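Residue numbers (my numbering), protein chains in the order written: chain W, 9 to 242; chain F, 9 to 242. Positions of the beta carbon are idealized from the N, C-alpha and C atoms, including for glycine. None of the values given here were measured: they were computed from a predicted structure. Encoded as structure tokens, the structure appears first; notes follow it.
There are 2 protein chains.
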Amino acid sequence: MLKAIVLLSGGLDSATSLAIARAEGFVPYAISFRYGQRHRVEIDAARRLAQSLDVADHVIVDIDLRMFGKSALTDAVAVPKNRTLDEMSGGIPVTYVPARNTVFLSFAMAWAETLNAFDIFAGVNALDYAGYPDCRPEYIAAFEIMANLATKATVEGRGRFKIHTPLIHATKAEIICKGLSLGVDYSLTTSCYDPADDGAACGRCDSCILRLQGFLENGIDDPARYRDREHVTP
Amino acid sequence: MLKAIVLLSGGLDSATSLAIARAEGFVPYAISFRYGQRHRVEIDAARRLAQSLDVADHVIVDIDLRMFGKSALTDAVAVPKNRTLDEMSGGIPVTYVPARNTVFLSFAMAWAETLNAFDIFAGVNALDYAGYPDCRPEYIAAFEIMANLATKATVEGRGRFKIHTPLIHATKAEIICKGLSLGVDYSLTTSCYDPADDGAACGRCDSCILRLQGFLENGIDDPARYRDREHVTP
Chain W
9 MLKAIVLLSG
19 GLDSATSLAI
29 ARAEGFVPYA
39 ISFRYGQRHR
49 VEIDAARRLA
59 QSLDVADHVI
69 VDIDLRMFGK
79 SALTDAVAVP
89 KNRTLDEMSG
99 GIPVTYVPAR
109 NTVFLSFAMA
119 WAETLNAFDI
129 FAGVNALDYA
139 GYPDCRPEYI
149 AAFEIMANLA
159 TKATVEGRGR
169 FKIHTPLIHA
179 TKAEIICKGL
189 SLGVDYSLTT
199 SCYDPADDGA
209 ACGRCDSCIL
219 RLQGFLENGI
229 DDPARYRDRE
239 HVTP
Chain F
9 MLKAIVLLSG
19 GLDSATSLAI
29 ARAEGFVPYA
39 ISFRYGQRHR
49 VEIDAARRLA
59 QSLDVADHVI
69 VDIDLRMFGK
79 SALTDAVAVP
89 KNRTLDEMSG
99 GIPVTYVPAR
109 NTVFLSFAMA
119 WAETLNAFDI
129 FAGVNALDYA
139 GYPDCRPEYI
149 AAFEIMANLA
159 TKATVEGRGR
169 FKIHTPLIHA
179 TKAEIICKGL
189 SLGVDYSLTT
199 SCYDPADDGA
209 ACGRCDSCIL
219 RLQGFLENGI
229 DDPARYRDRE
239 HVTP
């Protein structure tokens, strides 16, 4: 059986991507990052998901992306709340972290090479209104080309890297539907950009709003814990 | 004046690359990495060089590449000694570190974006016999294409990344000649893969041999400190 590296943030998309890697027959090796994010509860979520989805190994990499500029995910910059889908579509948001996916994929590539693995799964999504440049298909394709020129393993012809992005064109509702069919326990995931200290989600940031909408479209309750459930139904 | 990010390892090539960036009119911002390398004296060398070459800022990033497989640069793997140039040409050596330049360039790109800089200098060299895949022009070109799809700054049209590799086709002798003409103080640099605790170079690893040969071809003494000067003349 082939090994695959799976980027696992602890969120809904990466959990689903991990379940898909397993369903496609790969032995999953999960990698998560403590990069200075304010929402560090996601590392705990990643740990629980890795265990629940029975990965072969799970590494948590410490890097500090806070030194590289301000983002609402790493600094005391306000996370936008209560935005409409139209407002979310208005450009790259303050939650953008410079070069984040490139750094993450580079580490994944390093680990893949040492495991003699060539498949990397990333739960990136180009349709989630955010407009993150490093979630687009053309970026992923360019990274893959670069990766295949970068390493001893590929240059020596032992394999070719493939960056799998099974969710890149899916809506949040479709992602949730797929994950449920694969048995993902979404109560273990966390999506909020601005959770309380105890991990409870705000229900008002872009990420919460899209998530809640996705569950609503599937006709089921979001099992995540919210600070104030009364006020979060989209 | 335009800012440029300069990868600064503390070695001869990156010091020269930094001097070239200055000579071309860029304001240099140096970035170095503590990645688990055994030869950590190079971080001290990078600090001295950054000061000597008057950079606008110097950041040292902590990452641990040791978790991703063994390399003679990060683990208790013997560094090859006393190899001929023919032996050095025989494939990618044990000093290869998986995905190292991709990780380094990714961090450089993150910093560049936050500084609104689009020029990155890397002292990579494709002619130094090592055959590192991530020192080849085709790899650098692919990274540049990927970088221009990866960030908010480029997608919003504020600029286009250029990865400058002024030394990629130069011999070690040519690099030294260029650096001397720009006033680089090579006594501040360290190249050895296996230095003593006090930083003295071994004089026998591939990197020392190529360096010594480069100074010899320029008809001058290498100002680096060697453990046993009698035995190191190539």
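Contact check, S17 of chain W vs S40 of chain W, beta carbons under 8 Å: The beta carbons of S17 of chain W and S40 of chain W sit closer together than 8 Å.
L61 of chain W, DSSP secondary structure in three states: Secondary structure at L61 of chain W: coil, using DSSP grouped into helix, strand and coil.
Range of the contiguous beta strand (DSSP E) that encloses L6 of chain W: Any question about residue 6 of chain W goes unanswered here, given that chain W covers just 9 to 242.
Contact under 8 Å by Cβ, D127 of chain W with H172 of chain W: Against a cut-off of 8 Å, the Cβ pair of H172 of chain W and D127 of chain W comes out as a contact.
Span separating the alpha-carbon of S189 of chain W from that of L81 of chain W: A straight-line Cα-Cα distance of about 31 Å links S189 of chain W and L81 of chain W.
Closer than 8 Å to chain W by CB, A107 of chain F: At a cut-off of 8 Å between beta carbons, A107 of chain F contacts chain W.
Which of helix, strand or coil DSSP assigns to P88 of chain F: The DSSP-derived three-state label of P88 of chain F is coil.
contact_flag[the region 184-201 of chain F, the region 210-227 of chain F] where n(CB pairs < 8 Å) is 3 or more: The region 184-201 of chain F makes contact with the region 210-227 of chain F, as at least three CB pairs between them are under 8 Å.
Element boundaries [alpha helix (DSSP H), containing R108 of chain F]: Going by DSSP, R108 of chain F is part of the alpha helix (DSSP H) stretching over 108-123.
Interface residues of chain F facing A118 of chain W [CB-CB closer than 9 Å]: Those are L73, M75, F76, G77, V105, P106, A107, R108, T110, V111, listed as they occur along chain F.
N- and C-terminal bounds of the alpha helix (DSSP H) containing A38 of chain F: Premise fails: A38 of chain F lies in the beta strand (DSSP E), 35-42, not in any alpha helix (DSSP H).
Exposure label - L57 of chain W; buried when at least 16 CB within 10 Å: Flag for L57 of chain W reads buried.
Where C185 of chain F sits in the DSSP three-state scheme: Three-state DSSP puts C185 of chain F in a helix.
CB contact flag (V105 of chain F, L73 of chain F, <8 Å): Closer than 8 Å, so yes.
Residue from F:D230, F:G99, F:A64, F:F112 with nearest C-alpha to V192 of chain F: If you compare the alpha carbons of F:D230, F:G99, F:A64, F:F112 with that of V192 of chain F, the shortest gap goes to F:D230.
D142 of chain F: contacting residues in chain W (beta-carbon distance under 7 Å): Residues of chain W passing the Cβ test: A158.
Strand pairing of H172 of chain W, partner residues [DSSP]: For H172 of chain W, DSSP records a beta bridge to W:F129.
Cβ separation of A158 of chain W and P141 of chain F, assumed to be a contact under 8 Å, to the nearest whole Å: For a cut-off of 8 Å, the C-beta gap from A158 of chain W to P141 of chain F is around 6 Å, short enough to register as a contact.
Per-residue burial, V132 of chain F [other beta carbons within 10 Å of its own, 16 or more giving buried]: With 16 or more other Cβ atoms within 10 Å, it is buried.
Reference G227 of chain W, options W:T92, W:I28, W:A181, closest by Cα: Ranking the options by Cα distance to G227 of chain W, first place goes to W:A181.
Cross-chain neighbours of F126 of chain W in chain F, by beta carbon under 7 Å: Ordered by position in chain F, no residue passes the 7 Å Cβ test against F126 of chain W, which lies about 13 Å from the chain.
Spatial distance of V87 of chain F from S79 of chain W (CA atoms): Straight across, the Cα-Cα distance linking V87 of chain F with S79 of chain W is about 42 Å.
Per-residue DSSP class, three states only, for C200 of chain W: If DSSP states are grouped into helix, strand and coil, C200 of chain W belongs with coil.
Reference A208 of chain W; option with closest CA among W:K89, W:I184, W:D236, W:W119: Comparing Cα-Cα distances from A208 of chain W to each of W:K89, W:I184, W:D236, W:W119, the minimum goes to W:D236.
Beta-carbon separation (whole angstroms), I184 of chain F vs L20 of chain F, contact threshold 8 Å: In this structure I184 of chain F is in contact with L20 of chain F, their Cβ atoms being roughly 7 Å apart against a cut-off of 8 Å.
Residue-chain proximity (A150 of chain F, chain W), Cβ-Cβ < 8 Å: Any Cβ of chain W closer than 8 Å to the Cβ of A150 of chain F would place that residue at the interface, and such an atom is present.
Neighbour flag for F129 of chain F against chain W, beta carbons, 8 Å: So, not an interface residue.
Any chain W beta carbon closer than 8 Å to V102 of chain F: By this cut-off, V102 of chain F is not an interface position.
Chain-ordered neighbours of E146 of chain W on chain F, where CB pairs are closer than 8 Å: Taking a Cβ-Cβ cut-off of 8 Å, the neighbours of E146 of chain W in chain F comprise L157, given in sequence order.
Beta-bridge pairing of D70 of chain W - partner residues as DSSP gives them: As computed with DSSP, D70 of chain W is found in a beta bridge with W:R42.
CB contact flag (A118 of chain W, F76 of chain F, <8 Å): The answer is yes: Cβ separation under 8 Å.
Beta carbon proximity, T198 of chain W to chain F, threshold 8 Å: Not an interface residue.
Residue burial classification, V69 of chain W (beta-carbon count within 10 angstroms, cutoff 16): So V69 of chain W ends up on the buried side.
Nearest to A12 of chain W (by Cα), restricted to the options W:H66, W:A232, W:T110, W:K89: Of all alpha-carbon atoms in W:H66, W:A232, W:T110, W:K89, the one lying nearest the alpha-carbon of A12 of chain W is that of W:H66.
Whole-angstrom distance between R30 of chain W and E146 of chain W, CA atom to CA atom: Cα to Cα, E146 of chain W sits roughly 25 Å from R30 of chain W.
Residues that DSSP places opposite C213 of chain F in a beta bridge: Under DSSP, C213 of chain F shares a beta bridge with F:K89.
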